[in-house]
Amino acid sequence: MQTIRYNIRKTVGNALTELRKQKHQSGYPFMVIDKLALPDSQAFMEYQDGKVEIVEFTGDYNDYHLVEILNEQEAVDFRLKYNLD
726 MQTIRYNIRK TVGNALTELR KQKHQSGYPF MVIDKLALPD SQAFMEYQDG
776 KVEIVEFTGD YNDYHLVEIL NEQEAVDFRL KYNLD
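Residue numbers (my numbering): 726 to 810.
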């Protein structure tokens, strides 16, 4: 029987890279949820133009409002932290 090696990190990473690309090409932001960096009700939204926002969702998660726009250096640091090229 042949052993098949499977690299889950690479597979997931490739899938996320493709999803991010599709979101940006469709004009939508790419959402990153990091429960260690933000409260449970907040997320990062990265836009194709490089802008990164922190948003807060409503109680039912159907809507959100802007909390903060990261400055240019913070946005660069964000992409480095999450390996977003």
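Glycine residues also receive a C-beta, built at the ideal position from the N, C-alpha and C atoms.
Look up residue i in the DSSP assignment and say whether it is helix, strand or coil.
{"i": "I794", "result": "strand"}
{"i": "I733", "result": "helix"}
{"i": "A762", "result": "coil"}
{"i": "Q767", "result": "strand"}
Leaving out five residues on either side along the sequence, give the residues of the same chain with a beta carbon under 7 Å from the beta carbon of residue i.
{"i": "H838", "result": "Coverage of the chain is limited to positions 726 through 810, which leaves residue 838 absent and any answer about it impossible."}
{"i": "S766", "result": "E781 and F782"}
{"i": "Y807", "result": "V757"}
When we look at the beta-carbon of residue i and count the other beta-carbons within 10 Å, is it buried (16 or more) or exposed?
{"i": "E771", "result": "buried"}
{"i": "R734", "result": "exposed"}
{"i": "V801", "result": "exposed"}
{"i": "A740", "result": "exposed"}
{"i": "R745", "result": "buried"}
Could you pull out every residue in the same chain whose Cβ sits closer than 6 Å to the Cβ of residue i, ignoring the five residues on either side in sequence?
{"i": "Q773", "result": "H749"}
{"i": "M756", "result": "A768 and M770"}
Would you say residue i lies against chain C (beta-carbon separation less than 8 Å)?
{"i": "L795", "result": "Included in the structure is just one protein chain, with no chain C present."}
Among residues of its own chain, excluding the 5 on either side of residue i, which ones have a beta-carbon nearer than 8 Å to its beta-carbon?
{"i": "E793", "result": "E778 and I779"}
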